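Since the structure comes first, as structure tokens, the remarks are kept for the end.
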Amino acid sequence: MALTQQEFAFVSGLVRREAAIVLETGKEYLVEARLLPLARRTGTPSVSEFVARAQRERALADQIVDALTTNETSWLRDREPFSAFTDIVLPGLMEQRTPMQKLRVWSAACSSGQEPYGLAMLLEETLKSSRQYEILATDISAEMLERAKNGRYSQLEVNRGLPVPMLVKYFQRAGTEWQVNDALRRNITFQKVNLAAPLPPVQPFDVVFLRNVLIYFDLETKRSVLRRIRSLMRPDGWLFLGAAETTIGIDDGFERVVAGRASAYRPRAATTAPVGAMRKG
Amino acid sequence: MVIDDSRAMRLILRRIVTQLGFEVHEAGNGREALDLLESMSEPPQVALIDWNMPEMNGLEFVSAVRSQERFRQITLMMVTTESEHGQIVRALAAGAHEYVIKPFTPDAITEKLALLGLVPSGTLS
Amino acid sequence: MTSPTTDDLQAITEQVWLSYLDPEGINPFLPSEEAPGMPCVIAAVSVTGAWEGHVVMSFSEPASKLAASALMGMEDEEVTRDDIADAVGELVNVIGGNVKSLLPDGSLLSLPHVATIDEGVNKWPAAVEVCHLRGSWQNEPIAISVWTSKSTG
Chain A
1 MALTQQEFAF VSGLVRREAA IVLETGKEYL VEARLLPLAR RTGTPSVSEF
51 VARAQRERAL ADQIVDALTT NETSWLRDRE PFSAFTDIVL PGLMEQRTPM
101 QKLRVWSAAC SSGQEPYGLA MLLEETLKSS RQYEILATDI SAEMLERAKN
151 GRYSQLEVNR GLPVPMLVKY FQRAGTEWQV NDALRRNITF QKVNLAAPLP
201 PVQPFDVVFL RNVLIYFDLE TKRSVLRRIR SLMRPDGWLF LGAAETTIGI
251 DDGFERVVAG RASAYRPRAA TTAPVGAMRK G
Chain B
1001 MVIDDSRAMR LILRRIVTQL GFEVHEAGNG REALDLLESM SEPPQVALID
1051 WNMPEMNGLE FVSAVRSQER FRQITLMMVT TESEHGQIVR ALAAGAHEYV
1101 IKPFTPDAIT EKLALLGLVP SGTLS
Chain C
2001 MTSPTTDDLQ AITEQVWLSY LDPEGINPFL PSEEAPGMPC VIAAVSVTGA
2051 WEGHVVMSFS EPASKLAASA LMGMEDEEVT RDDIADAVGE LVNVIGGNVK
2101 SLLPDGSLLS LPHVATIDEG VNKWPAAVEV CHLRGSWQNE PIAISVWTSK
2151 STG
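Chains as they are written, first to last, in this note's numbering: chain A, 1 to 281; chain B, 1001 to 1125; chain C, 2001 to 2153.
Right, dumping it as structure tokens:
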């Protein structure tokens, strides 16, 4: 049975409030397909009734937000940004920073953790212990962060774009699942962050990955998210967006640069002065 | 080349790689696959290889292919239910390049082929 | 090493369904304690070596047909008995292989074995029949057949 307009309005209002994600009319089928397994799991006869229950039960509303906001589950399948990271960005940073400076990377919408762990693998392989790094992994969903922190992945998940030498090197079997080794986990901090709200104060980052997140936001939110992220980047830092995303026409403070076969975004020189001052702090 | 003793699995794999533009040859075990390789004028770019098969298993096939210089260009990807850490290490030691654990979604195959540079990233959904 | 549990089986089954039988996640396998009817198609793999035993799946006839059509991307009417044997054989092979990964190292997985009960037909999708003996015992028919997975040629 199809969702009524009111039911869809409740769901789209919920994800807009909680995750600043816009669900346009016409996405009803997506909502139904994602919510049907939830309805079945909770023993609710239909998606409509599940939505009705979610209006009274907070826990179910949270499940709806999670079901509709999870996206990227592949590890390193998008070769272009990751090659740019290891072949261009990291060598450059290793020249520009003193060996004692820790490289700081932010995985800004880490979902179930594939991106920060994948970045940690690339950092391990590229830096080879020549210098330290730290990764901040943030997400809006507490459930996703918990999953990411646990670092346990199903067989289906480790099949997705994870080169098998990395699987063998950085994971061990744990029952039906695979567990990320401590060597990767020790450099990652997990934190719940809503990108659409003011960000907590942190040290500036050398590299930010914010892939396939902006597409869900409306223009005004995109603009404010990009502005906030820029304020947390080093003036010569790098921002990677999803292939379908750009800062162009949204935030002039970024400049698009070509990095290998990928596009990256860097703070414009004119806007770097106040941010640069943070380096002394 | 798709090497699996299960016709159902060969069909699933054939469908996935055909969509990616590959021409597919099928073999039901390692022995058949070696015979097929011998008969081909040009070796395939990639072989998707089950492990547990009658006659000659996937691991033996990988070792046999790796021992021959003229097959050096073939990318060997295990596609198998064997999923113990030690088994995967064995397959890599024998010369396999990549490894997909069954069950897999079509994306898993496509993404691994993309990692190997056999499929342009633009093919990914 | 502990033995596989119902939870393990459920995790494995969920992944198999998502991969092959229900990629959209809209017709999941729903565990239930209700007693099943008489199964019609049985598929099994054996594990030998450090651990010995079998992994068996049983299907009603329509369920086996649905599994075959979903796995092989065919219309229901197109599905033949061979398709069913291949499909359920591969399903039990994948599930069995994943169960094996929970067992002690050094266990080996057999090739799948599929039986269709209503016809008394035994079939290993990857095997050939070597010989058979048909007869009856106390007025009940019995068929014994020998199958090998190694080529006899």
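Every residue gets a Cβ at the ideal spot worked out from N, C-alpha and C, and that includes glycine.
Since we're looking at a predicted model, the values are computed, not measured.
Helix, strand or coil at residue i according to DSSP, with G and I counted as helix
{"i": "D2007 (chain C)", "result": "helix"}
{"i": "V2130 (chain C)", "result": "Unreliable placement is indicated for V2130 (chain C), whose pLDDT of 49 sits below 50; the coordinate value is still reported in the next sentence. Note: V2130 (chain C) maps to strand in three-state DSSP."}
{"i": "D236 (chain A)", "result": "strand"}
{"i": "V1024 (chain B)", "result": "coil"}
{"i": "P37 (chain A)", "result": "helix"}
{"i": "K149 (chain A)", "result": "helix"}
{"i": "Q1087 (chain B)", "result": "helix"}
{"i": "G2053 (chain C)", "result": "strand"}
{"i": "V2045 (chain C)", "result": "strand"}
{"i": "A2085 (chain C)", "result": "helix"}
{"i": "P267 (chain A)", "result": "strand"}
{"i": "M1040 (chain B)", "result": "coil"}
{"i": "G2120 (chain C)", "result": "With a pLDDT of 49 at G2120 (chain C), under the threshold of 50, the predicted position of this residue should be treated as unreliable, though the coordinate-derived value follows. Correct three-state label for G2120 (chain C): coil."}
{"i": "E1082 (chain B)", "result": "coil"}
{"i": "K169 (chain A)", "result": "helix"}
{"i": "A285 (chain A)", "result": "Past the edges of chain A, shown from 1 to 281, lies residue 285 (chain A), and the structure says nothing about it."}
{"i": "M1077 (chain B)", "result": "strand"}
{"i": "D1004 (chain B)", "result": "coil"}
{"i": "F10 (chain A)", "result": "helix"}
{"i": "D139 (chain A)", "result": "strand"}
{"i": "D1107 (chain B)", "result": "helix"}
Spatial neighbours of residue i in its chain, beta-carbon cut-off 7 Å, leaving aside the 5 residues before and after
{"i": "G118 (chain A)", "result": "W75 and L76"}
{"i": "L162 (chain A)", "result": "W75 and L76"}
{"i": "A259 (chain A)", "result": "A84, I88 and V89"}
{"i": "T263 (chain A)", "result": "Per the sequence shown, residue 263 (chain A) should be read as Ser rather than Thr. Answer for S263 (chain A): R256, listed in chain order."}
Cβ of residue i within 7 Å of any chain A Cβ
{"i": "S1125 (chain B)", "result": "Interpretation of S1125 (chain B) is limited by its pLDDT of 44, a score under 50 that renders its predicted location unreliable; the figure taken from the coordinates is listed afterwards. No, S1125 (chain B) does not count as interfacial toward chain A."}
{"i": "V1100 (chain B)", "result": "yes"}
{"i": "Q2010 (chain C)", "result": "no"}
{"i": "I1088 (chain B)", "result": "yes"}
Nearest-angstrom beta carbon gap, residue j and residue i [assumed within contact, 8 Å]
{"i": "T1081 (chain B)", "j": "G2097 (chain C)", "result": "2 Å"}
{"i": "M144 (chain A)", "j": "S112 (chain A)", "result": "6 Å"}
{"i": "T1075 (chain B)", "j": "I1016 (chain B)", "result": "Contact doesn't hold; Cβ gap of about 15 Å is too wide."}
{"i": "L214 (chain A)", "j": "L239 (chain A)", "result": "Not really, about 11 Å apart at Cβ, beyond 8 Å."}
{"i": "I2042 (chain C)", "j": "S2060 (chain C)", "result": "The Cβ separation is near 11 Å, so there is no contact."}
{"i": "L30 (chain A)", "j": "V65 (chain A)", "result": "14 Å between Cβ atoms; not a contact."}
C-beta neighbour in chain B for residue i, strict 7 Å
{"i": "D2022 (chain C)", "result": "no"}
{"i": "S112 (chain A)", "result": "no"}
{"i": "T2005 (chain C)", "result": "no"}
{"i": "A2087 (chain C)", "result": "yes"}
{"i": "V2130 (chain C)", "result": "Because the pLDDT at V2130 (chain C) is just 49, under 50, the model does not fix this residue reliably, and the value given afterwards should be weighed accordingly. Not one chain B Cβ lies under 7 Å of V2130 (chain C)."}
{"i": "R53 (chain A)", "result": "no"}
{"i": "P99 (chain A)", "result": "no"}
{"i": "R160 (chain A)", "result": "yes"}
{"i": "V207 (chain A)", "result": "no"}
{"i": "G2106 (chain C)", "result": "no"}
Cβ-based neighbour list, residue i, same chain, cut-off 6 Å, excluding 5 preceding and 5 following
{"i": "L2108 (chain C)", "result": "T2048 and G2049"}
{"i": "V158 (chain A)", "result": "L167 and W178"}
{"i": "A2070 (chain C)", "result": "L2021"}
{"i": "T247 (chain A)", "result": "L226, F254 and Y265"}
{"i": "N181 (chain A)", "result": "Y170"}
{"i": "M100 (chain A)", "result": "none"}
{"i": "L195 (chain A)", "result": "V225"}
{"i": "R261 (chain A)", "result": "E80"}
Any C-beta of chain C under 7 Å from that of residue i
{"i": "L3 (chain A)", "result": "no"}
{"i": "L156 (chain A)", "result": "yes"}
{"i": "A1008 (chain B)", "result": "yes"}
{"i": "F1104 (chain B)", "result": "yes"}
{"i": "L1059 (chain B)", "result": "no"}
{"i": "E1084 (chain B)", "result": "yes"}
{"i": "T176 (chain A)", "result": "yes"}
{"i": "L1034 (chain B)", "result": "no"}
Own chain residues within Cβ distance below 8 Å of residue i, not counting five before or after
{"i": "A2 (chain A)", "result": "E28 and E32"}
{"i": "T86 (chain A)", "result": "L122, E125 and T126"}
{"i": "P1043 (chain B)", "result": "L1037, R1070, F1071, Q1073 and I1074"}
{"i": "Q1045 (chain B)", "result": "F1022, Q1073, I1074, T1075 and L1118"}
Residue i Cβ short of 6 Å to the ligand HEM heavy atom set
{"i": "T73 (chain A)", "result": "With respect to small molecules bound, the structure shown includes none, and the ligand HEM cannot be examined in it."}
Can you find at least 3 beta carbon pairs, one from the segment 91-105 of chain A and one from the segment 191-210 of chain A, that sit closer than 8 Å?
Cβ pair count under 8 Å is three or more, so yes.
Is the segment 230-244 of chain A touching the segment 54-62 of chain A in the sense that three or more CB pairs, one from each, lie closer than 8 Å?
The count of Cβ pairs closer than 8 Å, one atom from the segment 54-62 of chain A and one from the segment 230-244 of chain A, stays below three, leaving the stretches out of contact.
If you pair each beta-carbon of the segment 1088-1099 of chain B with each one of the segment 138-158 of chain A, do three or more pairs fall below 8 Å?
Put simply, the segment 1088-1099 of chain B does not touch the segment 138-158 of chain A. Fewer than three CB pairs are less than 8 Å apart.
Would you call the segment 1094-1105 of chain B in contact with the segment 2014-2025 of chain C, where contact means no fewer than 3 C-beta pairs closer than 8 Å?
Segments in contact, yes.
Does the contact criterion of 3 or more C-beta pairs under 8 Å hold for the segment 1002-1009 of chain B versus the segment 1022-1039 of chain B?
Enough Cβ pairs lie closer than 8 Å, so yes.
Would you check if the segment 150-157 of chain A and the segment 1060-1068 of chain B touch, i.e. whether three or more CB-CB distances between them fall below 8 Å?
Fewer than three beta-carbon pairs drawn from the segment 1060-1068 of chain B and the segment 150-157 of chain A are found closer than 8 Å, and the two stretches are therefore not classed as touching.
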